[in-house]
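K.L.:
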Amino acid sequence: MAVRVTVLASGSRGNCALFSSSAGSILVDAGISCRETLKRMKAAGEDPHQIKAIVISHEHNDHVAGLGVLARKLKVPVYMTEETYESWRNSARDDEGKPATLEACEHFHAGRSFMIGDIIVNPFTIPHDAVDPCGFTFKAEGVKVGMVTDLGYLPYSVKDHLRRCDGLLIESNHDVEMLRNGPYPWMVKQRVMSRVGHLSNSALADFLESDYDGSAAFLILAHLSQENNYPELAHRTAIRALGGKLNLFQANMLAIAQQDKPLQPLYVG
Ligand SMILES: [Zn+2]
Ligand SMILES: [Zn+2]
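When we follow the working numbering, the leftmost residue of the sequence shown carries the number 5, and every step to the right adds one.
#1: Within 8 Å, do at least three Cβ pairs link the stretch 66-77 to the stretch 32-39?
#2: So within the stretch 68-109, which uninterrupted alpha helix (DSSP H) runs reach at least 4 residues, ignoring any that extend past its ends?
#3: In chain order, which continuous runs of the alpha helix (DSSP H) of length 4 or greater are located wholly inside the stretch 193-234?
#4: Quick one: Cα of A255 to Cα of G101, how far?
#5: Do V7 and A108 have their beta-carbon atoms positioned less than 8 Å apart in this structure?
#6: Mapping the DSSP letters down to three states, classify N126 as helix, strand or coil.
#7: Rank N233, Q268, S214 and H227 by C-alpha distance to the C-alpha of F248 and give the top, closest one.
#8: Would you mind working out which of Y216, V135 and E181 sits nearest Y160, comparing C-alpha positions?
#9: Under 8 Å Cβ to Cβ from I30, same chain only, skipping five residues before and after it: list those, please.
#10: Does the beta-carbon of G115 have 16 or more other beta-carbons within 10 angstroms, so that it is buried, or is it exposed?
#11: With DSSP as the reference, identify every bridge partner of C20, one or two as the case may be.
#12: Could you tell me if H227 is buried or exposed, where buried requires 16 or more neighbouring beta carbons within 10 angstroms of its beta carbon?
#13: Does the Cβ of E274 have 16 or more other Cβ atoms within 10 Å, making it buried, or fewer, making it exposed?
#14: Between which two residues does the alpha helix (DSSP H) carrying S161 extend?
#15: In chain order, what residues place their C-beta within less than 7 Å of a heavy atom belonging to ligand 1?
#16: Measuring only the C-alpha atoms, how far is P137 from T129?
#17: Starting from C169, trace the alpha helix (DSSP H) both ways and give me its first and last residue.
#18: With distances taken Cα to Cα, identify the nearest neighbour of Q262 among L212, G273 and S229.
#19: Looking only at C-alpha atoms, which of D99, R184 and K148 sits nearest to Y271?
#20: Since A242 contacts C169 with CB under 8 Å, what's their CB separation in whole angstroms?
Right, here's the structure in full:
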């Protein structure tokens with residue numbers, strides 16, 4: 005079993021993915037129920053016993069909805085920043101209505117990498133309207149994978165972290181015109197479009213065209229809006245932006261993460 009990424013769910017109704025080395029897996033975000041997470045892992049051929057830890061990007065419900073139950077059931081430590089933990093604790097409730105607790109919680113800091121088993125986790129700050137939101141790169145067996153969603157734009161610092169990735173999961177949230185003309189209330193449109201909202205197809209296209217180094221064996225477009233995007237549109241926009249970069253690598257793949265079903269594992273290295 006080589007290094008791989010398995011997306012279990014992606015979108016505003018829940019996010020959850022696995023980064024795995026041959027020694028174990030990390031669950032990245034816990035935005036769907038425990039039951040659904042385990043069901044989807046089974047469907048994707050992933051073994052829950054391999055999970056060594058849960059790592060949380062930020063406290064929005066679509067990233068933590070299943071956290072309390074999952075952590076208890078899997079009996080693994082949860083890694084999140086202190087600010088994210090406090091914010092999660094303030095709103096999450098246990099079965100008796102008391103503030104939820106985690107049996108084993110480790111705090112990390114954006115900008116300081118840490119190890120989980122043989123995996124190096126590198127968290128970095130992203131622009132999003134949460135208390136301390138982070139994107140991640142993961143390294144194991146000489147392979148680097150980036151995972152970044154829920155960000156209003158791509159600052160230089162984030163682009164730097166995404167250099168020389170062997171696999172990349174990145175947000176392609178909305179089509180700007182669809183969002184503008186779509187059903188959302190104006191306040192919500194403003195939020196999504198803002199510098200701390202979500203990454204549009206065209207913002208991702210700019211990155212793919214101008215900054216992306218073409219090093220990844222696969223790209224996964226993630227956190228697509230169900231109201232303000234079409235998978236075909238996100239796909240077409242990315243393909244056009246990639247241009248010649250896509251042909252340079254035989255194994256190059258462009259996948260679309262789904263809200264309602266898991267993707268089969270994507271391997272690197
Ligand atoms: Zn989200
Ligand atoms: Zn969010």
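For every residue, glycine included, the Cβ atom is placed at its ideal position computed from N, Cα and C. Keep in mind that this is a model prediction, so the values were computed, not measured.
P.N.:
If we stick to the structure as given:
#1: yes
#2: 71-78 and 86-95
#3: 205-214
#4: Residue placement at A255 is flagged as unreliable, the pLDDT there being 48, under the threshold of 50; the coordinate-derived value follows with that caveat. C-alpha separation (whole angstroms): 50 Å.
#5: no
#6: strand
#7: Reading off the sequence, residue 248 comes out as Gly, not Phe. Checked all of N233, Q268, S214 and H227; the closest Cα to G248 is S214.
#8: Y216
#9: L22, F23, S24, I55, K56, A57, I58, V59, I120, I123, V125 and F142
#10: exposed
#11: A13
#12: buried
#13: The question about residue 274 has no answer, for the chain in this structure spans 5 to 273.
#14: Y160 to H165
#15: S16, N19, H64, D66, H67, T153, D154 and H227
#16: 6 Å
#17: Where C169 is concerned, there is no enclosing alpha helix (DSSP H), given that its DSSP letter is neither H nor E.
#18: S229
#19: K148
#20: Not really, about 15 Å apart at Cβ, beyond 8 Å.
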